[in-house]
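Structure first, commentary second.
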Amino acid sequence: MNAHAILTSHGWRGPGHTMHAHNDKIGIRKPILVKHKKDNKGLGSSDFTTDQWWLSAIDEQLKGLDTSGSKPVQTVKTGIIGRLDRRVQRYSLYDSFVKGETLGSTIDKNSSSSSSSSSDSSSNSGSDSSSSRKSKASDSATTPGSATPSDASSSLLSSSKKSSPLGRRAQKAAKKARKAEKAAKKEARVKRKEEKALKRAAKEEKREKKRLRAEEKEARRAKKLAKRASKKKAE
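Position 118, counted from 1, in the sequence shown is what the working numbering calls 252; the numbers after and before it change by one each time, with no gaps.
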């Protein structure tokens, strides 16, 4: 609601004035009537205030009570709520929801998976123990001074890993390359900073030159004006 528009439509002349058309010492005799839009939408409308359905439901339910006072405890059966079917009263709320699939429990699955993993591990351990026993038996059958081919191959691999100059050289070269790359990036950053500093200094120098030129121009103008003034006085 625009209060300023309503007051001006009733003859208000603006802030500091009364509602009288000519005299500020006199006001209006009757209050200003403001129109209210009232329909069936929103709270406070006539539709909501007149149709008090909750009170009517309570009144209908109370009609089934016995007012004689002979029965201390009564069960209402003749009201609106009593006439409803018990099944409807019980399941009316749950019918408004949509039933979906339920989540299954994972306890049994976990227990079965753990039992299967334990059985697999036990079988693996049994096979490992049997294989170790067989290897021990074969080792005991061989002579103490002889060596198996598997032991020889493993020793060769370990010695090649320990004494591998090519791998060490490659690692050193990679480290040097990384260090060189970092140094190049650092130099590039330093160069960029220096270039920015030079550009800033050049800009400052240009600004200083412009300022000096402007001051020289102002001094020349002042001299010219002084000369003209002296000439006029001499004339």
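Where a beta carbon is used, it is the ideal one built from N, C-alpha and C, also for glycine.
Residue interval of the alpha helix (DSSP H) (run including residue i)
i	result
His-138	137-143
Straight-line Cα distance separating residue j from residue i
i	j	result
Thr-152	Lys-197	60 Å
Glu-349	Glu-342	11 Å
Pro-278	Arg-302	In this predicted model, Pro-278 has a pLDDT of only 44, less than 50, meaning its place in the structure is not dependable enough to derive any value.
Lys-313	Glu-338	38 Å
Lys-325	Ala-318	11 Å
Gly-148	Ile-160	15 Å
Lys-330	Lys-344	21 Å
Lys-327	Lys-333	10 Å
Leu-123	Ser-143	In the structure as shown, the chain starts at 135 and stops at 369, and residue 123 therefore has no counterpart that could be examined.
Ser-190	Leu-199	15 Å
Ala-353	Glu-369	25 Å
Arg-163	Asn-136	22 Å
Arg-355	Lys-366	17 Å
Trp-188	Pro-165	38 Å
Ile-192	Lys-169	36 Å
Arg-347	Lys-340	11 Å
Leu-300	Ala-307	10 Å
His-138	His-156	19 Å
Lys-357	Lys-351	10 Å
Gln-305	Glu-315	15 Å
8 Å CB neighbourhood of residue i in its chain, flanking five on each side removed
i	result
Leu-359	none
Ala-336	none
Ile-140	Ile-166 and Val-168
Arg-322	Just to set this straight, residue 322 is Ala in the shown sequence, not Arg. If we look at Ala-322 and ignore the five residues flanking it on each side, it has no Cβ neighbours.
Arg-362	none
Reduced DSSP secondary structure (H/G/I, E/B, other) of residue i
i	result
Leu-199	coil
Leu-323	Per the sequence shown, residue 323 should be read as Arg rather than Leu. DSSP places Arg-323 in helix when its eight states are reduced to three.
Lys-169	coil
Lys-159	coil
Lys-306	helix
Arg-147	coil
Glu-369	coil
Lys-330	helix
Lys-357	helix
Lys-164	coil
Cutoff 7 Å; reference residue i; Cβ partners in own chain excluding five residues on either side
i	result
Asp-158	His-151 and Thr-152
Trp-146	Met-153
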